[in-house]
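Numbering-wise (the numbering used here), the sequence shown opens with residue 1301 and increments by one. Cβ atoms here follow ideal geometry from the backbone N, Cα and C, with glycine treated the same way. It should be emphasised that the depicted structure is a prediction, and the values quoted were computed from it without experimental measurement. Below is one structure, written out as structure tokens; comments come after it.
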Amino acid sequence: MSHNLFSGPNFSNARVWALLEHLDKAEAEATREEGCPHCGDILHSATYPRKPHGLTAELRGGARRFSFCCAMCRRRTTPASVRFFGRRWRAAPLFALLGALVSSPKARLGAISRRWGIAFSTLKRWRQWWLGTLRRTPLWRTRGGSLAVPAEESPLRWLLKRIRGWRFRPRLLRSLIWLKPWTEPCALRGGPVLSAESVSDMLA
């Protein structure tokens, strides 16, 4: 599996990160237009800084997560993202790439740990999340059926195989779009989740 998206100038390239930010802006605008999901009132911008690992210092220092605060009930609404996967420290594309690597039956976690400088115990937790926890989330019950993942297969690796396209980078980015609902802070707690792109127009 290629690391090209994340090595050398590729993932550090501002154009790659700008593309992901553009997708997040579109999601944020759609969220703002829908209004507060709790009371329906107007949403005001309340973005906050993030410093995801896996970026150059320049890009990491300027990264911000789009978020809103309701004018009436003051509750926060944070849209889904292709740059940030919940509160995890690593950028979402890197978390997905490493998730695919550690989900492989032949994965050597020690080698991956040394290559990426990530603790062995962290990689074990990530593997458990991608292979087990993901399937037990409320979201999986409503969205997982569209993938028809075999019982013995990793959901993430199956998604990467089925996404249309022969190059790895576009397939990874399209996979992140499909996974966006899991990136919202409330997703793993079973709270309300906003709509995201359907997988139907991206699968082969």
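Within 10 angstroms of the Cβ of residue i, are there 16 or more other Cβ atoms? Answer buried if so, exposed if not.
i	result
Glu1484	buried
Thr1331	buried
Gly1399	buried
Ser1475	buried
Pro1379	buried
Arg1315	exposed
Ala1328	buried
Lys1480	buried
Ser1266	Because the chain here runs from 1301 to 1504, residue 1266 falls outside it and cannot be looked at.
Pro1349	exposed
Does the distance from the CB of residue i to the CB of residue j come in under 7 angstroms?
i	j	result
Ala1505	Gly1361	Nothing can be reported for residue 1505, as the shown portion of the chain is limited to 1301 through 1504.
Ser1403	Leu1473	no
Leu1409	Phe1420	yes
Leu1320	Val1382	yes
Leu1359	Trp1426	no
Rounded to whole angstroms, what is the Cα-Cα separation between residue i and residue j?
i	j	result
Thr1356	Leu1394	13 angstroms
Trp1527	Ser1413	Nothing in the structure corresponds to residue 1527, since the chain is present only between 1301 and 1504.
Arg1375	Leu1397	33 angstroms
Ala1371	Trp1478	30 angstroms
Pro1337	Lys1406	43 angstroms
Trp1482	Phe1385	7 angstroms
Trp1416	Arg1364	24 angstroms
Arg1441	Arg1435	8 angstroms
Gly1465	Leu1323	19 angstroms
Ile1463	Leu1401	17 angstroms
Ile1418	Lys1424	10 angstroms
Ser1345	Ala1326	14 angstroms
Pro1450	Trp1429	17 angstroms
Arg1471	Ser1446	17 angstroms
Phe1468	Thr1347	31 angstroms
Thr1422	Thr1433	15 angstroms
Gly1444	Asp1341	32 angstroms
Beta-carbon within less than 6 angstroms of residue i's beta-carbon, same chain only, minus the 5 sequence neighbours each way: which residues are those?
i	result
Arg1388	Phe1395
Cys1373	His1338 and Cys1339
I'd like the list of long-range same chain contacts for residue i, defined as Cβ closer than 8 angstroms, with 5 residues on each side in sequence excluded.
i	result
Leu1343	Thr1331, Arg1332, Gly1335, Cys1336, Phe1368, Cys1369, Cys1370, Ala1371 and Thr1377
Closer than 7 angstroms by C-beta to residue i: which residues in its own chain qualify, once you throw out the five before and the five after it? Chain order, please.
i	result
Ala1504	Below a pLDDT of 50, predicted positions are generally treated as unreliable, and Ala1504, at 33, falls in that range; the measurement from the model is reported next regardless. Answer for Ala1504: Arg1462 and Arg1464, listed in chain order.
Counting only runs that start and end within the region 1361–1421, where is the alpha helix (DSSP H) found for 4 or more residues in a row?
-> 1392–1402 and 1409–1416
Uninterrupted alpha helix (DSSP H) stretches inside the region 1312–1352 (no shorter than 4 residues): 1314–1334
Pick out the complete alpha helix (DSSP H) segments inside the region 1427–1494, 4 residues or longer, and give them in chain order. 1438–1443, 1455–1462 and 1468–1479
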